[in-house]
Amino acid sequence: MDKVVPDAASAVADIPDGASIAVGGFGVVGVPHVLIRALQQQGATDLEVVSNNAGLEGQGLGLLLESRQIRKMVSSYVGENREFARQYLSGELEVELTPQGTLAEKLRAGGAGIPAFYTITGSGTQVAEGGIPWKYDSEGNVIASSPAKETRTLSFRGEENEYVLENSIATDFALVRAAVGDRLGNLRFHSSAQNFNPIAAQAGKVTIAEVEQLVEVGELAPDDIHLPGIYVHRVVALSAEEAAEKPIEKLTTREEAAS
0 MDKVVPDAAS AVADIPDGAS IAVGGFGVVG VPHVLIRALQ QQGATDLEVV SNNAGLEGQG
60 LGLLLESRQI RKMVSSYVGE NREFARQYLS GELEVELTPQ GTLAEKLRAG GAGIPAFYTI
120 TGSGTQVAEG GIPWKYDSEG NVIASSPAKE TRTLSFRGEE NEYVLENSIA TDFALVRAAV
180 GDRLGNLRFH SSAQNFNPIA AQAGKVTIAE VEQLVEVGEL APDDIHLPGI YVHRVVALSA
240 EEAAEKPIEK LTTREEAAS
């Protein structure tokens, strides 16, 4: 089955208002910039987005925040995006902060059909006990917070600890970026772009991948495939200019030595 679609606009055309979307990338690395811009132009609103962070101002998911298309973020990190932090603290955006490793496992488990899992992460903290602010009002009062989670004392590898039950995440759509993809949706990621992309792709009921290089079926050796095409439903081949788009999160330079 040839999964290649004509362009990013057609790939995201059926994403409705209120959809949940898992988005790959970390910072600005491995982010599906082209698909995100297409979604911004498409105009779907009230979105719930699951991603490690929300890019930077004017880049990646930062675009959807600026156009007020995101209702809720499920993330690990607010950090580098001032608009993300501003919307959260001013009550314009709901944010479900989740430990990074737990978020990754929630996506992986969702893709694997595992409804929930126990983890020691967050035991004895507000992650387990509840009370992490999810949403503020315009006056800075907390109007929604995380609930208490089920915990269980278990013996594992000879040690008894309290474990927290975490629900997995499965989303309506997923947007990812890969270095190479074939017409069946088999993907290969470059270096650290493997971050959240494979697990985001697994979690989506409909996964859309933008690929920097499109190859024919059979050109990717089995050992070079990082994500099999069974998880991918649509493939968008990027132009040379789009593929070359590799923004730098923090540009650090030094003075040139005197000759």
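If you read the sequence shown in numbering that gives the first Met the number 0, its first letter stands for residue 0, the second for the next number, and so on.
Ideal Cβ positions, reconstructed from N, Cα and C, are used throughout, including at glycine.
query	result
Contiguous beta strand (DSSP E) assignments of at least 3 residues, all confined to the region 157 to 207	158 to 166, 170 to 181
Neighbourhood of residue 8 by C-beta distance below 6 Å, restricted to the same chain and skipping five residues each side	37
Nearest residue (CA-CA) to residue 54, options 217, 198, 25	25
Residue 119 - partner residues in DSSP beta bridges	Bridge partners of residue 119: none, in fact.
Cross-strand partners of residue 72 (DSSP beta bridge)	48, 94
Rounded Cβ spacing between residue 199 and residue 175 (contact assumed at less than 8 Å)	6 Å
Whole-angstrom C-beta distance between residue 75 and residue 99, which should lie under 8 Å	4 Å
Start and end residues, alpha helix (DSSP H) containing residue 111	99 to 111
Residue 38: first and last residue of the uninterrupted alpha helix (DSSP H) it sits in	32 to 41
Range of the contiguous beta strand (DSSP E) that encloses residue 153	150 to 155
Test item: CB-CB of residue 64 and residue 39 under 8 Å	no
DSSP-derived helix/strand/coil call for residue 237	coil
Residue(s) in a DSSP beta bridge with residue 3	234
Enclosing beta strand (DSSP E) for residue 126 [first to last residue]	Per DSSP, residue 126 belongs to no beta strand (DSSP E); it is in the alpha helix (DSSP H), 125 to 128.
Reduced DSSP secondary structure (H/G/I, E/B, other) of residue 10	helix
Beta-bridge partners of residue 19, as assigned by DSSP	47
Selected residue, minimal CA-CA separation from residue 153, among 143, 103, 164, 147	164
Pairwise C-alpha distance: residue 171 and residue 46	11 Å
Beta-carbon proximity list for residue 106, same chain, < 8 Å, skipping 5 on both sides	21, 49, 167, 168, 195, 198, 199, 201, 202
Beta-carbon proximity check, residue 234 vs residue 182, cutoff 8 Å	yes
Reference residue 1; option with closest CA among 91, 229, 30, 252	229
C-beta contact flag for residue 10 and residue 34 at 8 Å	yes
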